[in-house]
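As structure tokens, the structure follows; a few thoughts come after it.
4 protein chains.
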Amino acid sequence: MRTRIGFVGLGIMGRGMAANLVKAGYELTVYNRTRAKAKELEALGARVSNTPADAAADADIVFTMLADPPAVKQAVLGTAGVIEGLKPGAILIDCSTVDPETSACVREAAEAKNALFLDAPVAGSKDAATKGELILMVGGDPETLERAKPVLDVISKKIIYAGPSGSGTMLKLCFNLVVSHMMAALSEALVLGTKAGLSPQTIIDTIMTGVIGSRFYEWKGSCILNRDFTTNFSLKLMHKDLSLIASAGYSLGTPLPVTAAVKELYAAAKGIGNPEEDFCAIVKALEQFAQVEVKRQ
Amino acid sequence: MRTRIGFVGLGIMGRGMAANLVKAGYELTVYNRTRAKAKELEALGARVSNTPADAAADADIVFTMLADPPAVKQAVLGTAGVIEGLKPGAILIDCSTVDPETSACVREAAEAKNALFLDAPVAGSKDAATKGELILMVGGDPETLERAKPVLDVISKKIIYAGPSGSGTMLKLCFNLVVSHMMAALSEALVLGTKAGLSPQTIIDTIMTGVIGSRFYEWKGSCILNRDFTTNFSLKLMHKDLSLIASAGYSLGTPLPVTAAVKELYAAAKGIGNPEEDFCAIVKALEQFAQVEVKRQ
Amino acid sequence: MRTRIGFVGLGIMGRGMAANLVKAGYELTVYNRTRAKAKELEALGARVSNTPADAAADADIVFTMLADPPAVKQAVLGTAGVIEGLKPGAILIDCSTVDPETSACVREAAEAKNALFLDAPVAGSKDAATKGELILMVGGDPETLERAKPVLDVISKKIIYAGPSGSGTMLKLCFNLVVSHMMAALSEALVLGTKAGLSPQTIIDTIMTGVIGSRFYEWKGSCILNRDFTTNFSLKLMHKDLSLIASAGYSLGTPLPVTAAVKELYAAAKGIGNPEEDFCAIVKALEQFAQVEVKRQ
Amino acid sequence: MRTRIGFVGLGIMGRGMAANLVKAGYELTVYNRTRAKAKELEALGARVSNTPADAAADADIVFTMLADPPAVKQAVLGTAGVIEGLKPGAILIDCSTVDPETSACVREAAEAKNALFLDAPVAGSKDAATKGELILMVGGDPETLERAKPVLDVISKKIIYAGPSGSGTMLKLCFNLVVSHMMAALSEALVLGTKAGLSPQTIIDTIMTGVIGSRFYEWKGSCILNRDFTTNFSLKLMHKDLSLIASAGYSLGTPLPVTAAVKELYAAAKGIGNPEEDFCAIVKALEQFAQVEVKRQ
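This is the structure in structure tokens:
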């Protein structure tokens, strides 16, 4: 019998992931708050449900891919939420980026229904989601991961086992901490150099020559020079993640002085700019502060 | 007739650079405040001079490779400094990392002697200096650079032309801005993750899988996990560069809110640790704050 | 008939407040997790209860004075919590410093029992609590405040009406934001000046001469110079409040870049020092960074 | 014979100071780069000179009151500067806010002319300058201060002896550190509270009730609520002072993590606002970030 999968949350990332699952031949039931987004999946052969509970009913594996902790709590723990439908022995896999407390809450609720839980947030852009080339950071019981692996392989090119339940979430926060800092560093360097009369392309080229070079700088540097702020990952979501990281730092007694400054830069950029733009738009806040624009000369 | 070269400053980097020049067959005269360090070069065939002025006298090209702006000002503009000896038509090349104001001062002094000037700070470790594989960021007149190129090729694997005089200095500051942030990001991620129970090696591996991966993270991450803080570039010098960057930000009207936080983290690490250790030792300050140690498990 | 009062939380502040209520002739039932602390109140004539619910049963007014949001949630909303005992028409007054979300949760729970709610955090030290000279910042329905006023007058010298429910909590966070910054400012000024060879007493005197002078600087400056870090308000609690302020800033879309830096300074001070000491002990972290001690010369 | 005084720098503060000296009966020679500003003093009986050197010639005491270190260096050490005119035994008193290095430079130059030097920066607004009620923070030889005291008494209500040469400058930097932080604290509290729906007047009133209350909060709070950003002390000058403080922190090995964040807030406010407005205009930057305006309701 085919593995039946429920999928809740068809946003920028969820859509690509769900599409790959249905294309791989799984029997898929999807739920999205905005029903229109589910139509596309329906066309590919998925069933559309009316509630998260309905998407979870009868599923062997249920994925959730949502924006933030409140969205996860509502869709999973709320009325007609995933937990209500979850059957014993099923595996609930939360791919959202949340905080360890939320992961723990969801795990407890799943276990109370004799179901299993993995926290499995992803790294990778919309493009990687579409191609099934995400990187998964998984926390939970290794046997549960073993059982889910064939399905996870469909959406990812690499699965990193992070440790016990909650570790995937924590690893993702550490990863995004680094990403958010790198974007800030690139932005400050480009604005400072441009204000001093350097060619921003030369700055990017220089960064790329050394041991610090990475595809990230080339990619995001090129977006900034082309003034292309099309969203891969929004300012708003990065700011949300930084808020989760700051809370984790507080809970764990770990001062994060630089992250604190990075977080406030994203906050300011969100306030004076468009929160839905790509997170490389933090450069615009710095540009306003310095009264200069970074662009191809 | 062979090109005659003067070389002032035989520190961790200068020694390797000077050695490559003498090995390449140039007639080299060196000066170092601590004379003992000059002995090694003497053994390779260099002449040792008593003053910077003496090292510059008769030289076609004079290199300076010193710790900071005050050191450059003293050795170049001070009594018996390079400027006193510099002959008309000679090229003075400052490879030190300084601020644009210092570069401008030195250029003016060189021009007053009818000599030429290039600011040419380097990227690369001690190892790259020894192998002649530095990256040079050069500011100044393109014709002057053309003339100096055969000599610069001896010490570098790549020469980046940054623009008019002072641009090399400015590009180097932008480069080190990014380096200093990346070290801070890695350190905060490792300390936070370790405190949360993750394996620090897993954090590094995860960073390396994505578009943000770079040899820098692998290298410095491994140093931290091995508790190897042997100096490639010291805490003290990175803090000095951050101070130059902050000053440039002020002069240029460019707010750098994250760099400000990064600078204070290095300042604290320097204060509670050993300023001469490698700059990856900032992780130790964060470890003290969080009462945890990042190490191979 | 005498107004009956329940009082939950007999910490450093709660003890003084409860003592004043019983001395003023109210029929008081107290609850404290550590029962020993309730003995003192028993000696003054209070009844000691076994649970928060028990302290609330039959009370016309119930006070809670607890350390943080989790403590409030447990003692009020948890098993055998205040809400279980709260009778219709009673007024629940939370004097704890929490976040607006917690205040809203508690209000809803009280209203579900047809009871009334005021958030009424306090400003003032242990001394002010003992003398009944606290400042109360009250959020809620003005009529409810009117009813509670005779009782609140016993513990306070000034009642500030902040606005609708949750406003008292928010006003307290704004107040503590300022307090936490002033302590940081004083500490940085004292450490910088001392390192430069100034007399720290002269720095304090200078601050006191101008329009910026306040009793706070005189008081805390004197504590620091006398190396007296006896707790009036602990590092740990100030750090907790800064975390609540940061969360409120996030929720309200209000970047707070300086507060972020202040918060991390307290975090570091808590990590390398004693979290239970007075919050003026942040100066010790800066002293360690700068390798100097601020003391009377 | 009457004491002859030279006065260089007739800005917002210098004008009031010079006017008081001439009104007190001293024989005054003034110099200002923009000659128009000297006219007013001429009307009061001062002589107007063409150069700083000219203002200093024959003077027993020479005051300088300039914007920043470069301005002091030019007017004092430059061509036709004060030093050229300074006679042996005269006292040069620099009331500008500069860094300790500049104070040291000027002192050395004065001593080379067998003249004496005091660094004597002031605290107080334009109003205090006009009324002769400034606070002076004096560094230098106590006997020199003793000699200058009758003249200093004319412009000040209080003279604080800070210690050896340079100490006045350092004390002023510590003082302004505190002022700049308090303005930031007030601004963040007002913006956060306003965004949360509190009355900003209530926030100010609450601050004023406790031990943290000071005339500064009342004064600047009222300016903000009245949207009155008339310059008493400009954003630009406060940012300049913060840059001097940051440099002093670097030179002295004193990390100042909060000051670093405060400095960047002023930098951003200067960039997106009007650098000539009063420094309480930093609130406007925070208002833009949070999309709210703090005003009387």
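Protein chains in written order, with our numbering: chain V, 1072 to 1368; chain F, 1072 to 1368; chain D, 1072 to 1368; chain A, 1072 to 1368. Even for Gly, the Cβ is constructed at its ideal location relative to N, Cα and C.
Residue i beta carbon near the ligand SAH (any heavy atom closer than 8 Å)
| i | result |
| --- | --- |
| M1279 (chain F) | Among the components modelled here there is no ligand, and therefore nothing to report on the ligand SAH. |
Close-in-space but distant-in-sequence residues of the same chain around residue i (CB under 8 Å, 5 per side omitted)
| i | result |
| --- | --- |
| G1096 (chain A) | R1073 |
| A1352 (chain V) | F1300, L1306, A1340, G1344, N1345 |
| T1302 (chain V) | I1083, E1347, E1348, D1349 |
| L1296 (chain F) | P1271, Q1272, I1275, V1365, K1366, R1367 |
Contact check, residue i vs residue j, beta carbons under 9 Å
| i | j | result |
| --- | --- | --- |
| V1079 (chain F) | T1135 (chain F) | yes |
| A1356 (chain D) | A1340 (chain D) | yes |
| R1338 (chain V) | G1324 (chain D) | For clarity, residue 1338 (chain V) is Ala in the given sequence; the question names Arg instead. Yes, the Cβ-Cβ distance between A1338 (chain V) and G1324 (chain D) is below 9 Å. |
| A1127 (chain D) | K1158 (chain D) | yes |
| G1203 (chain A) | A1191 (chain A) | no |
| S1227 (chain F) | F1304 (chain F) | no |
| A1194 (chain V) | T1277 (chain F) | yes |
| I1164 (chain V) | F1188 (chain V) | yes |
| Y1321 (chain F) | S1314 (chain A) | yes |
| P1326 (chain V) | E1358 (chain D) | no |
| S1258 (chain A) | M1309 (chain A) | no |
| V1093 (chain V) | A1117 (chain V) | yes |
| S1285 (chain A) | V1333 (chain D) | no |
Nonlocal neighbours in the same chain, by C-beta distance under 7 Å from residue i, ignoring five residues either side
| i | result |
| --- | --- |
| M1279 (chain D) | Y1288, E1289 |
| A1130 (chain F) | R1075, I1076, G1077, T1100, A1161 |
| R1274 (chain D) | The residue asked about is misnamed: residue 1274 (chain D) is Ile in this sequence, not Arg. Closer than 7 Å at Cβ, skipping near neighbours: A1260, L1261, G1264. |
| A1200 (chain D) | M1084, G1087, M1088 |
| A1361 (chain D) | V1262, K1266 |
| T1173 (chain A) | P1140, V1143, K1144 |
| K1184 (chain F) | I1154, L1157, P1159 |
Chain D contact residues for residue i, given Cβ-Cβ distances below 8 Å
| i | result |
| --- | --- |
| A1317 (chain F) | Those within 8 Å of A1317 (chain F) in chain D number zero; the least Cβ separation is about 15 Å. |
| A1338 (chain F) | F1360 |
Other residues of its chain near residue i: CB distance less than 6 Å, five sequence neighbours each side excluded
| i | result |
| --- | --- |
| P1171 (chain A) | G1237, T1240, M1241 |
| T1265 (chain A) | P1271, V1363, V1365 |
| M1208 (chain F) | P1192, I1231, A1233, G1239, L1242, K1243 |
| V1222 (chain D) | I1132 |
| G1082 (chain D) | none |
Proximal residues of chain V, C-beta to C-beta of residue i below 7 Å
| i | result |
| --- | --- |
| G1324 (chain D) | G1342 |
| R1286 (chain F) | V1282 |
Chain D contact residues for residue i, given Cβ-Cβ distances below 7 Å
| i | result |
| --- | --- |
| F1246 (chain A) | T1277, I1278 |
| I1206 (chain A) | T1280, G1281 |
Within chain F, partners of residue i - CB distance below 9 Å
| i | result |
| --- | --- |
| A1332 (chain A) | P1328, A1331, A1332, E1335 |
Residue i: contacting residues in chain V (beta-carbon distance under 8 Å)
| i | result |
| --- | --- |
| M1309 (chain F) | Neighbours of M1309 (chain F) on chain V: none; closest Cβ ~13 Å, over 8 Å. |
| S1238 (chain F) | A1267, G1268, L1269 |
| I1231 (chain F) | T1273, D1276, T1277, T1280 |
Contact list for residue i against chain A, beta-carbon separation under 8 Å
| i | result |
| --- | --- |
| F1300 (chain V) | Within 8 Å Cβ-Cβ: nothing; F1300 (chain V) doesn't reach chain A, min ~19 Å. |
Under 7 Å from the C-beta of residue i: neighbouring residues of chain A
| i | result |
| --- | --- |
| S1389 (chain F) | In the structure as shown, chain F starts at 1072 and stops at 1368, and residue 1389 (chain F) therefore has no counterpart that could be examined. |
Residues that residue i contacts on chain A, provided the C-beta gap is smaller than 9 Å
| i | result |
| --- | --- |
| M1253 (chain D) | V1249, H1252, M1253, A1256, I1283 |
Partner residues on chain F for residue i, Cβ-Cβ distance less than 7 Å
| i | result |
| --- | --- |
| V1262 (chain V) | T1325 |
Output the residue ranges of the alpha helix (DSSP H) runs that lie fully inside the segment 1291–1347 of chain V and measure 4 residues or longer, sorted by chain position. 1306–1322, 1328–1343
Please determine if the segment 1143–1160 of chain A and the segment 1172–1190 of chain A are in contact, where contact requires at least 3 C-beta pairs separated by less than 8 Å. yes
Runs of 4 residues minimum, wholly inside the segment 1091–1131 of chain F: which ones carry the alpha helix (DSSP H) assignment? 1107–1115, 1123–1127
Looking at C-beta atoms only, is the number of pairs between the segment 1136–1143 of chain V and the segment 1109–1116 of chain V that lie closer than 8 Å three or more? no
Which full runs of the alpha helix (DSSP H) of 4+ residues lie inside the segment 1235–1292 of chain D, going along the chain? 1238–1266, 1271–1280
Sequence ranges, alpha helix (DSSP H) only - wholly within the segment 1162–1244 of chain A, length at least 4: 1171–1183, 1197–1202, 1213–1226
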